[in-house]
Structure formats: C-alpha cells, structure tokens
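Visitor: Numbering (the working numbering), first residue to last: 14 to 370. Built from N, CA and C at the ideal position, the CB exists for glycine as well. First the structure, then my questions, so here it is.
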C-alpha cells in the first residue's frame, strides 16, 4: 500500500500545504483543468463574503508564490497572483498555521506590508490544533478552519495522488480532533510523547489542545475558556477570571487556568521579583484560608519559590483525564471557581510589614 506523501514529509510543516495548493492552482501545472482552479479561487472569495471579481474566462494566468517577501525580512506563506485578461492583478494572501498559534501582530504586519492590499483578500488557514486555540481577531483577515479549507478545495475533478493524499490528510486530521477521547482508555501515561505519536498525534501539546476542546464543551459557559500555549505547557484559561488587585500598594493580577490536567489559581506580577518570597507565600496562605472554609474543594498549595517570577502558581487542584470523565472534571472545576473567585474579589488583604521587602 502506497504511503501518503503528506505523512512522509510531515503534516505539521506549512510548506507541505503551501506546496499542495501551489501544485493545484498554479497555471504551470496543466494536470488540473483551468476551470477547476478558477472554481477554487471563486470559492475562496465567496467564503470570505466577497463577490468574485472574475469569471473563469477572465483569468489569463495564476501564479502561486510561496514564502513571498513583503520587506523588512518578513514573508507571507503563500500569495496567489491572478492575472486577468485585461491586465488587472488580483491577489489572495494566505498565512498558514498548523499547531502553532497565530498572533495578531503577524497578521497586522502581513496586511500592512503587502503592496496591493486594495486588490487582495487576506486569509488565515488553520490546519491543525491551531484551529481550536484562541484565534486572533483581525478585521482584514478571514479565518478558515479545516472544514472551510476542505470545502473550498473539495470538488476538484482529479484523482492525482497529490490532491487525494492532501485531502485525505485533512480528513484524517479532522477525525483526530473528534475521536481523541476514545484513545484515553488505552493510555497509561497521558504525557507520554511516544504514545501520542504512535496514535498519529504530532506532539502531546497537540493532543492536549484537542482534549481541552472536548473538556470545555462540558462547561456551563464554553466560550469563557480560551485554549493557547504557555511557554512550556498547553493552557486553557478561564477568560473572566483575570482579576486585578492592589495589596499593600502592590498591583497584582489573579487568574485561572488548566495546565495539563491541573486547574491552577495563579498570580501575575508586573516584573520578576516584584513580590518577595515571603509575600508570595502569604498570598498562598490567604488562599488556603479561603479553601479551608470549603473542605469539599480542597487542593494543594503550590511549591515555595525563592524568587517569584512574573507568572506564579498559588494553589492547584489535580485531575486525571484517564480516569475521570470530562463532564465530572469540568463540573468540579467550575464549582471550585464559583467558591473561590468571589472571595478573591472581595478580599482586602495587606502584607505584614515584618515580611515586606
């Protein structure tokens, strides 16, 4: 049985998807009919809510330009240049992400740096776990997740392996996100990278993003939870939980997140060392005093730190994705937040002067 070329090269590389799209749409490839190429281009315009500015017969030439330079060392993943019979040029500017998370400043730089924005549409293609992470809102970019991408390219009349392999790989990726929960009973260590790779997931980060999507679907308010990447961890943050407080004239911010399997109450400081180790420990003690009033939601204090960082764990509640249902985990997590967060809001703490820096 022939192997899928996308799997061989690596689904996680944007260049695989750029290459497949270039092969399908560029006029230099005569294996795909001109009308088929035009239909895809028109689909992209329509899915952006824009009336296509050309018919198939209006197009003279299509050139796909991967890694297109927009100056200052910046490049766009793919620019599709459409030359019309009357000499006019139209552009489809595409940024792509697989498992990395798109940033608004990158999209802004692409839009601002492209030379003919008035003749272009701008699209963000999300191929992997990036599609379920927090997606930046940019007024000039249209976001296409896997279903959208497949819809735009789905009806090309071709049995060539490049097209079929690429479309099959998109379908497999879509299925991975939907069926990942079925794998949990077969795992013994949820952080084992080799186990995830063996089951077709590129990294355990990728797997956790998909797991978080299933977890948040059990929330009373699903849109309140945002999935993204920390520096070293997959994260799902409770968006309404960012809480600014001033304690002894020091401004800090409390927040909540799932980090791997743990629900953690954390504090953000303006700079590293902004609080002393004693002051940070006092915050943890204050949290313990709140939790002690609610023994049914008892967790564990975070370990002591010699130098407080910008982001610091205060208290955590451990869950087990392999043995507990996601419905049960989310119900417990939201009960914890419901009990603790209002107490944080109304707290009026001060740091003891004897323990100040």
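Going along the chain, which unbroken runs of the beta strand (DSSP E) with 3 or more residues stay wholly within the stretch 191 to 258?
Guide: You should have 238 to 242, 247 to 251.
Visitor: Could you check what DSSP says for residue 284 in three-state terms: helix, strand or coil?
Guide: Reduced to three states, the DSSP call for residue 284 is coil.
Visitor: Nearest by alpha-carbon distance to residue 239: which of 268, 120, 216 is it?
Guide: The shortest C-alpha separation from residue 239 is found at 268.
Visitor: Tell me the DSSP bridge mates of residue 82?
Guide: 88, per the DSSP bridge assignment.
Visitor: Near residue 163, what residues of its chain come up, given a Cβ to Cβ distance below 6 Å and the 5 sequence neighbours on each side ignored?
Guide: These residues qualify, in order along the chain: 183.
Visitor: Would you call the CB atoms of residue 281 and residue 259 closer than 8 Å?
Guide: Going by C-beta atoms, residue 281 is not nearer than 8 Å to residue 259.
Visitor: I'd like to know if the stretch 16 to 33 and the stretch 174 to 190 are in contact, where contact means that at least 3 CB-CB pairs between them fall below 8 Å.
Guide: Yes: the two stretches touch, three or more of their Cβ pairs being nearer than 8 Å.
Visitor: Reducing DSSP to helix, strand and coil, say where residue 94 ends up.
Guide: Looking at residue 94 - three-state DSSP - the assignment turns out to be strand.
Visitor: Tell me the DSSP secondary structure of residue 182 in three-state form.
Guide: Helix.
Visitor: Find the nearest neighbour of residue 156 within the set 204, 167, 173, 106, judged by alpha-carbon distance.
Guide: Answer by Cα proximity: 106.
Visitor: Rounded to a whole number of angstroms, what is the C-alpha to C-alpha distance between residue 274 and residue 334?
Guide: Distance between the alpha carbons of residue 274 and residue 334: 7 Å.
Visitor: Identify, in the order they occur along the chain, each residue of the same chain with its Cβ nearer than 8 Å to the Cβ of residue 221, setting aside the five sequence neighbours on each side.
Guide: Contacts found: 247, 273.
Visitor: Are the CB atoms of residue 223 and residue 145 nearer to each other than 8 Å?
Guide: Their beta carbons are under 8 Å apart, which means residue 223 touches residue 145 by this criterion.
Visitor: Could you say which of 363, 118, 154 lies nearest to residue 63 if we only look at CA atoms?
Guide: When each option's Cα is compared against that of residue 63, the closest is 154.
Visitor: DSSP state of residue 326, grouped into three classes?
Guide: Correct three-state label for residue 326: strand.
Visitor: Residue 249 to residue 99, Cα distance in whole Å?
Guide: Near 51 Å, if we compare the C-alpha coordinates of residue 99 and residue 249.
Visitor: Strictly by DSSP, which residues pair up with residue 136?
Guide: The partner list for residue 136 (beta bridge, DSSP) reads 107, 155.
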